[in-house]
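Asks: Straight run, no breaks: the sequence shown in my numbering ends on number 622.
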Amino acid sequence: MERYLQGLGVSPGIAIAPALLFFHDRYDVPTYAVTDLDAEMARLDVAMRETRNDLENIYERVVAELGERHAAIFQAHLMILEDVTLREELTEYLVEHRHNVEHILDTLTKQYVRTMDSVDDPRFRERTADMLDVMDRVLRHLLETERPNLRRLEQESIIVAHDLTPSDTASMDTNKAIGLVIEAGSVTSHSAILARALEIPAVIGIVDAPESVKAGSLVIVDGSSGRVIVDPTRETCKRYVKAQQRLAARRAKLLRVTKGKPACTRDNVNVMLSANIELPLEIEHSLNVNAQGIGLYRTEYLFIDRDSLPDEEEQYEAYAAVARAMQPHPVVLRTIDVGGDKFVSHLQTLKEDNPQLGWRAVRFCLAHPEIFKTQLRAIFRASAHGTIEVMFPMISGLEELRNVKTLVSEVACELDEEDVSFDRNIKFGSMIEVPSAVMLADLLAQENDFFSIGTNDLIQYLLAVDRVNEKIAYLYEPAHPAVVRMIHQTAQAARVHGIPCSICGEMAGDALYTELLLGLGITALSMAPVAIPLIRAEISHIHLEEARTLAKQVLKMRTAKEIKSVLAERHLARAKKYDYLMAPDQFMFSDEDNS
Ligand code: PEP
Ligand code: MG
């Protein structure tokens with residue numbers, strides 16, 4: 028029977044395929060006595076050698092496909108495998124208990140995990156996951172059980188899992204893994220980010236995902252609405268297949284008609300449309316959709332999934348590569364925004380009671396000037412290869428901004444003394460994502476070259492709604508009148524002081540809000556590359572004067588419901604008239620589609 032499951036859509040698009048249930052721990056480990064200890068150790072050595080081969084192969088593949096940075100995790104796994112104390116412990120246990128090695132390995136791993144789990148330090152928990160990943164590979168070689176992996180899939184599948192580790196996601200066969208349904212994670216979790224980067228429709232937050240779906244059942248993933256349909260009826264299936272075809276045709280058409288054109292309103296006002304990126308492979312996506320620059324490069328992704336900090340040289344290479352690829356367009360590098368839900372074990376960001384209100388972004392950087400200055404040096408050096416702008420996350424007031432700028436000046440002086448070339452006109456801006464920054468926008472505007480509103484965080488802090496907590500997701504409301512007023516206040520302060528004000532939160536890529544944002548005074552939008560063609564089309568049918576009138580009306584409205592209904596009506600009328608509705612929910616049930 029057809030079943031609907033509701034989660035959080037984290038990567039748009041529709042995928043339809045049989046479910047592939049992905050478990051990590053489905054095998055039994057036998058226990059038996061052994062007499063030939065040498066033979067037993069030899070079995071272990073073979074299994075370890077095979078594991079080493081696996082890891083080296085994955086490492087090389089990931090380097091080739093995703094770059095050195097994302098492969099670093101497998102080097103860490105190789106180090107765990109080569110840990111001599113582990114081998115010594117296994118030998119001692121074998122001599123003492125005379126059991127088969129798979130049983131010994133299993134027992135020792137469980138003991139180790141129990142010890143790690145009892146330590147209240149998230150770094151240990153990450154280590155435990157890595158350790159389990161490696162031991163699982165060795166055990167499977169011993170048991171000759173093929174480790175379930177997503178590297179070679181026989182047919183197109185929807186991957187249904189509790190969670191996906193970095194190695195699962197990075198080694199996934201992206202031609203066959205066409206959709207993801209995952210229980211754990213958030214919009215900013217590793218699998219969600221990779222799904223968006225790879226443009227694979229994905230839904231997260233489906234409770235007991237693998238238990239709620241039978242292997243091989245047909246599954247529809249709608250990554251826009253967060254809906255997952257299991258065992259759909261023929262009627263539903265037909266509808267989604269049609270929606271999928273229309274979506275693909277519309278995407279291709281949108282790309283065709285908007286390619287090479289600037290985003291320009293009906294009354295000829297240009298709006299800068301740029302891309303948000305996390306991974307190097309998104310540069311190509313950004314160029315394909317004609318992004319006019321990178322409006323948000325989340326540099327902290329260089330720091331996660333690895334065991335050591337990227338040094339100045341590695342960072343310089345990464346930033347310079349983006350600057351070169353995007354020439355002559357600007358690249359806005361956001362300095363490291365770790366903490367909150369972006370946890371990086373080797374930076375010692377320990378678990379906090381309120382991580383979203385805690386030690387993150389510039390707060391962390393100011394406490395670690397050596398890390399921050401290394402990043403700033405790399406950024407400055409990269410500025411010689413293109414147009415780089417720098418923005419600081421989570422600025423909450425003037426002192427913080429000034430402290431950050433002091434470090435910036437120190438770095439500039441150092442580079443000057445060393446005769447290193449860099450762009451002396453580099454622009455600096457603040458992310459406006461803490462309500463206090465909005466209240467002080469008039470003051471901050473006098474000490475910034477630009478503003479970029481981070482609505483993802485601004486909404487969470489303004490409405491006191493944790494952005495990654497599914498239980499209160501219904502309260503997370505971009506159309507809340509308070510959010511609208513804050514955007515307006517920020518844009519007006521920027522206008523008065525003559526600096527540009529963009530939006531780089533998810534709101535920028537949602538066509539529902541485009542007209543309102545322009546009317547409120549936003550001059551540039553930055554979003555996931557996949558959203559750019561739609562927003563460009565939307566802008567081409569907006570008249571800025573009308574948008575300003577709309578914004579005035581909306582600023583007087585009292586509820587999100589009222590605001591959303593006006594925005595939806597206007598957006599839908601436009602998108603229907605000019606045939607570019609992109610969210611399947613909007614066009615699937617329309618008369619023309621049912622015809
Ligand atoms: C935001 O907060 O809106 C933003 C763009 O930054 P991030 O999502 O990385 O916190
Ligand atoms: Mg933010």
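Beta carbons are placed, not taken as given, at the ideal position from N, Cα and C, and that holds for glycine.
If you're wondering where the values come from, they're calculated on a predicted model, not measured in any experiment.
Does the distance between the C-beta of GLY36 and the nearest non-hydrogen atom of the ligand MG fall short of 7 Å?
Replies: Outside the cutoff, so no.
Asks: Would you say the beta carbon of CYS19 is closer than 7 Å to some non-hydrogen atom of the ligand PEP?
Replies: In this structure the chain extends from 28 to 622, so residue 19 is not present and cannot be described.
Asks: Within 10 Å of its beta-carbon, does SER218 have 16 or more other beta-carbons around it, so buried, or fewer, so exposed?
Replies: buried
Asks: Have a look at GLU572 and VAL492 and give me their C-alpha separation to the nearest angstrom.
Replies: 34 Å
Asks: Report yes or no: do the region 247-261 and the region 58-66 share at least 3 C-beta pairs separated by less than 8 Å?
Replies: no
Asks: Can you give me the C-alpha to C-alpha distance between SER592 and PRO307, rounded to a whole angstrom?
Replies: Their Cα atoms are separated by approximately 38 Å.
Asks: What's the gap between the Cα of ILE209 and the Cα of ILE256?
Replies: When only Cα atoms are considered, ILE209 and ILE256 end up about 14 Å apart.
Asks: Hey, how far is the Cα of LEU71 from the Cα of THR196?
Replies: 28 Å
Asks: Looking at the ligand PEP, does it come within less than 7 Å of THR482, judged from the CB to the closest heavy atom?
Replies: THR482: yes, Cβ under 7 Å from the ligand PEP.
Asks: Answer yes or no: the CB of GLU460 versus the heavy atoms of the ligand MG, is any distance below 7 Å?
Replies: yes
Asks: What number of angstroms, rounded off, separates the C-alpha of ARG167 from the C-alpha of THR112?
Replies: 21 Å
Asks: Go ahead and pull the three-state DSSP assignment for HIS356.
Replies: coil
Asks: Tell whether a beta-carbon distance below 8 Å holds between PHE419 and SER457.
Replies: yes
Asks: Please report the straight-line C-alpha distance between ASP618 and ALA509, rounded to a whole angstrom.
Replies: The predicted model places ASP618 with a pLDDT of 43, which falls under 50 and marks its position as unreliable; any figure quoted below should be read in that light. Using only the alpha carbons, I get a separation of about 36 Å.
Asks: Tell me, to the nearest whole angstrom, how far the beta carbon of SER553 is from that of LEU323; I am working on the premise that it is less than 8 Å.
Replies: About 5 Å; that satisfies the 8 Å criterion.
Asks: Less than 8 Å separating the beta-carbons of ALA411 and SER448?
Replies: In terms of Cβ geometry, ALA411 and SER448 form a close pair [threshold 8 Å].
Asks: In or out: ALA145 buried (at least 16 other Cβ within 10 Å) or exposed?
Replies: The question names Ala, yet the displayed sequence has Ser at residue 145. Counting Cβ neighbours within 10 Å, SER145 comes out exposed, since fewer than 16 surround it.
Asks: For a test of the three-state rule: what should DSSP assign to MET28, helix, strand or coil?
Replies: coil
Asks: Any chance the region 255-274 sits against the region 495-507, with 3 or more Cβ pairs inside 8 Å?
Replies: no
Asks: Just to confirm, is the Cβ distance from ILE549 to ARG293 under 8 Å?
Replies: no
Asks: According to DSSP, simplified to helix, strand and coil, what is ASP258?
Replies: coil
Asks: Would the C-beta of CYS531 count as close to the ligand PEP, meaning under 7 Å from any of its heavy atoms?
Replies: yes
Asks: Check whether the Cβ of LEU360 sits closer than 7 Å to any heavy atom of the ligand PEP, and report yes or no.
Replies: The ligand PEP never approaches LEU360 closely enough for any of its heavy atoms to be under 7 Å from the residue's Cβ.
Asks: Flag this pair as yes or no: are the beta carbons of ALA472 and GLN516 separated by less than 8 Å?
Replies: no
Asks: Around the Cβ of THR78, are there at least 16 other Cβ atoms within 10 angstroms (buried) or fewer (exposed)?
Replies: buried
Asks: From the DSSP output, read off the bridge partner residues of PHE419.
Replies: PHE419 is bridged to SER457.
Asks: How long is the line joining the alpha carbons of ILE85 and ARG178, rounded to whole angstroms?
Replies: Those two C-alpha atoms are separated by around 10 Å.
Asks: State buried or exposed for GLY287, treating a residue as buried only when at least 16 other CB atoms are found within 10 Å of its CB.
Replies: exposed
Asks: Under the criterion of a Cβ to heavy atom distance below 7 Å, does PRO396 qualify as lining the ligand GTP?
Replies: Within the structure as shown, the ligand GTP is missing, the only ligands being the ligand PEP and the ligand MG.
Asks: So, for SER622: in the same chain, excluding its five sequence neighbours on each side, which residues have a beta-carbon less than 8 Å away from its beta-carbon?
Replies: Here SER622 scores only 34 on pLDDT, less than 50, and its place in the model should not be relied on; the value that follows carries that caveat. Once the five neighbours on either side are set aside, SER622 has no close Cβ partner at all.
Asks: Given 7 Å as the limit, tell me if LEU323 has its C-beta closer than that to any heavy atom belonging to the ligand PEP.
Replies: Distances taken from the Cβ of LEU323 to the heavy atoms of the ligand PEP include one shorter than 7 Å.
Asks: Using the three-state DSSP reduction, which class does VAL37 fall into: helix, strand or coil?
Replies: strand
Asks: Can you find a heavy atom of the ligand MG that lies under 7 Å from the Cβ of PRO505?
Replies: Every heavy atom of the ligand MG is 7 Å or more from the Cβ of PRO505, so no.
Asks: To test your reading of the DSSP string, which unbroken beta strand (DSSP E) runs of 3 or more residues are found completely within the region 476-521?
Replies: 477-480
Asks: Assuming the contact rule is C-beta atoms closer than 8 Å, GLU559 and ALA318 should be a hit. Round their C-beta distance to whole Å, please.
Replies: Checking the displayed sequence, the identity of residue 559 turns out to be Ile instead of Glu. Right, the Cβ-Cβ distance comes to about 6 Å (below 8 Å), so this counts as a contact.
Asks: With a threshold of 8 Å on Cβ separation, who are the neighbours of GLU474 within its own chain once the five nearest residues in sequence on each side are excluded?
Replies: LEU425, LEU428, ARG429, LYS432
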